[in-house]
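Trainee:
Numbering (our numbering), first residue to last: 34 to 826.
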């Protein structure tokens, strides 16, 4: 019996090839997008879940930096409170220049505790976890980095030359290759994957102590004892900070524990969690759109089979058999759509990977629970699609069915119209939301950043953090600045999108009691000129480099106002004070600029001359307008002559901004894909609907033409069927999309304006395309001879 149902279902699908093709294609689009987004969401939810004892692991962070804390604090907690803290792990992130066979390579490195393997359960592909990171001359490579350096050769036992910040070199032996287990909040804490892990004993070589209460920016992790709450550590942390931390920060310093299990989702004000919620809702909306389209066409096709239903009843067919038949047909179409989606998955996953900027797991990496959920969803879709014809049409009286006539109240027209309106509404919401997200993302790359990002690139500089090293780097800057393609160059520790010097507290006078939290920037005197940040008053440190005092600082307009100066010129040559009793003289005031995210307003900012600390990381290079490719080639050639042992790894400011707003870029691209799919599915539905209506009304069209109806009037007849539904959908979509996007925009301090044109244009675009498709389909039938139409049965 079941075989017969499937055989008849297959025949009916083949009989209505056009509707079947539209049905399967539309549903396959929705299922494919839902599968891909579901796989992406599953992968993001899996981040950190493979870490050993994940429920007991915590990241120790502070109010100075969300990624780090005082270096000595985790060790002190373990030593003083072993009943609360089971283990700890710390690392200091650096950019290391290494060499193998004389070839310099820039790597993301960490100087780390040897507890990495014991605490988190990471494994080595080669080497021994029991001895790894236990000796000062040993390094661990990540599997991708080992492959990049050595290809398929065995890396274990080979030696690398590593350069420190004083330009000294030391040989390290590769003691292991770390197994690549995907992204986690230990080795991918700040984004880029770790390439190289150096032992904590090498801190003296890099001059970056970790076991020190003065080291404020060390990534720190704690593994708590079983059943210990993080609240239990609040007092111990406070007591240890009070007893040992630098006096200048004790008053305002706060440390807290963030659970590693949810850290990936919650970091950055929960931006990733919000992204997952949003793309999940978008995927559900697209799938709902495809299901509605599937249901519409299924109902339309089934309503045309009344005579078949009547005849089957006459020859003894039961209601249950008819219901089973309709549901079997719907399920078969859904199964074919699902199989098509699975076949397309490997190809479309590459597209979605590019869209989201992250790899999508393969079909074989997805768990069984994922596929069980997908199969159950398909069964529900099939039941839903076959429910109306199965329950409604099978219940009609035999005579009424055999005559092939159905009262309008029972032909599903009201349900169809409602579903079409919902389709239009979803498509309009998707189109409008995508346009607003694109406008907001464009704002991040606009000319209102406070600096000019065009023709601006940054490159990491070999670090020699001594006075002599800084002088040598300044000479290199001067050499590169002589190139005809270069407009200006600045040396700095901080750049927009990588402002990592933290904050300090500033006072207007030595006896002040109301400190102003201020962001720090370490740079040379060419920073504002290179970035084209307008100077409102004074000079950037000094008028000339020869007489450059190191006790001068530069502030931005926000700090000038916070200090009480209504006119920037009034702040010049005034003293400011710090909580450690030191002071400085304000040399100049710049206009505000966005050094960090537009999620927040521009805060007070203070520039220190790098000659005070000798620390630096970047050359910021502004090229002259022209052929960027040619300019880059000349710059690279000059770099190789001046710095033959240093790689030229450059990043344009546009790319830096794209990384800074990665989540928003992902959402923008996902929204664009969803909008395109929504348009395709809706238009496929319109094509199927109009095609079916034309078949039903061929004789009516013939009669109207005989009575004098023009082609234009016949086209209007079908437009009139659809456009009231479109207008109803617009009335729902506009306020809904306005409410959704207004709520979304509250995440940003700088927001795009929600103008009327933003909502009108999507309606015009979708309405215009719908009108074109209706006219295109209808005009052929309208041009036929009336006699051919009147012969139609």
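The beta-carbon is built from N, C-alpha and C at its ideal position, and this holds for glycine as well.
It should be emphasised that the depicted structure is a prediction, and the values quoted were computed from it without experimental measurement.
(1) For residue 311, count neighbouring Cβ atoms within 10 angstroms of its own Cβ and tell me buried if that reaches 16, exposed if not.
(2) How many angstroms separate the CA atom of residue 76 from the CA atom of residue 237?
(3) Could you check which residue in 415, 395, 270, 456 has the C-alpha nearest to that of residue 319?
(4) Starting from residue 587, trace the beta strand (DSSP E) both ways and give me its first and last residue.
(5) Which residues does DSSP list as the beta-bridge partners of residue 206?
(6) Residue 58: which of 353, 715, 215, 120 sits nearest, CA to CA?
(7) What are the residues that DSSP puts in a beta bridge with residue 724?
(8) Given residue 454, which residues of its chain have a CB within under 7 Å of its CB, disregarding the five upstream and five downstream residues?
(9) Cα-Cα, which of 223, 324, 505 is closest to residue 417?
(10) So residue 773 is in the beta strand (DSSP E); what residue range does that whole segment cover?
(11) How big is the Cα-Cα spacing for residue 706 and residue 676?
(12) Which word fits residue 212, buried or exposed, when buried means at least 16 other C-beta atoms lie within 10 angstroms of its C-beta?
(13) Could you say if the region 654–662 and the region 476–492 meet the contact criterion of at least three C-beta pairs nearer than 8 Å?
(14) Please look up how many angstroms separate the CB atoms of residue 563 and residue 642, rounded, as I've assumed it's under 8 Å.
(15) Taking the DSSP output, what are the residues bridged to residue 683?
(16) Measuring straight from C-alpha to C-alpha, what distance separates residue 549 and residue 792?
(17) Specify, as a first and last residue, the run of the beta strand (DSSP E) that residue 252 falls within.
(18) Does DSSP classify residue 371 as helix, strand or coil?
(19) In the structure shown, what three-state DSSP assignment does residue 103 receive?
(20) Tell me whether the beta-carbon of residue 92 lies closer than 9 Å to the beta-carbon of residue 262.
(21) Ordered along the chain, which non-local residues of its own chain (more than five positions away) have a Cβ less than 6 Å from that of residue 89?
(22) Whole alpha helix (DSSP H) runs in the region 275–300 with 4 or more residues, listed along the chain?
(23) One question on the structure: do residue 478 and residue 690 come within less than 9 Å of each other, judged by their Cβ atoms?
(24) Determine, using beta carbons only, whether residue 863 and residue 249 come nearer to each other than 9 Å.
(25) Alpha carbon to alpha carbon, how far is residue 85 from residue 404? Give it in angstroms, no decimals.
(26) Tell me, please, whether the region 59–67 touches the region 691–710 by the rule of three or more beta-carbon pairs shorter than 8 Å.
(27) What would DSSP say about residue 159, mapped onto helix, strand or coil?
(28) Going along the chain, which residues of its own chain have a beta-carbon closer than 7 Å to the beta-carbon of residue 116, five neighbours each way excluded?
(29) If contact is defined by three or more beta carbon pairs under 8 Å, each pair taking one atom from either stretch, is the region 466–478 in contact with the region 686–705?
(30) Pick out whichever of 666, 279, 765, 752 has its Cα sitting closest to the Cα of residue 245.
(31) For residue 78 versus residue 309, is the C-beta distance shorter than 9 Å?
(32) May I ask you to list the residues that DSSP assigns as paired with residue 540?
(33) Give every residue of the same chain whose Cβ lies closer than 7 Å to the Cβ of residue 804, excluding the five residues on either side of it in the sequence, and list them in chain order.
(34) Using 8 Å as the Cβ pair cut-off and three pairs as the minimum, do the region 627–638 and the region 564–579 touch?
(35) When you compare the CB positions of residue 73 and residue 396, do they come within less than 9 Å of one another, or not?
(36) What residues in its chain sit with their C-beta under 8 Å from that of residue 605, if we drop five residues either side in the sequence?
Mentor: On the basis of the supplied data:
(1) buried
(2) 39 Å
(3) 456
(4) 585–589
(5) In the DSSP output, where bridge partners are listed per residue, residue 206 has 171, 192.
(6) With distances taken between Cα atoms, residue 58 lies closest to 715.
(7) According to DSSP, which records beta bridges pairwise, residue 724 is partnered with nothing at all.
(8) Within the same chain, residue 454 has close Cβ partners 758, 761, 762.
(9) 324
(10) First-last for residue 773: 744–778, but that is the alpha helix (DSSP H), not the beta strand (DSSP E).
(11) Taking the straight line joining both Cα atoms gives about 44 Å.
(12) exposed
(13) Pairwise C-beta distances place the region 654–662 in contact with the region 476–492, as three or more of them are shorter than 8 Å.
(14) Contact doesn't hold; Cβ gap of about 15 Å is too wide.
(15) Per DSSP, 492.
(16) 42 Å
(17) 252–257
(18) If DSSP states are grouped into helix, strand and coil, residue 371 belongs with the helices.
(19) coil
(20) no
(21) 256, 257
(22) Runs of the alpha helix (DSSP H) inside the region 275–300: 280–283.
(23) yes
(24) The requested residue 863 is not part of the displayed model; the chain covers only 34 to 826.
(25) 26 Å
(26) Output reads yes: the region 691–710 touches the region 59–67.
(27) strand
(28) Close CB contacts of residue 116 within its chain, under the 7 Å cut and outside five residues either way in sequence, are with 258 (chain order).
(29) yes
(30) 279
(31) yes
(32) 610
(33) 752
(34) no
(35) no
(36) 570, 571, 619, 620, 621, 622
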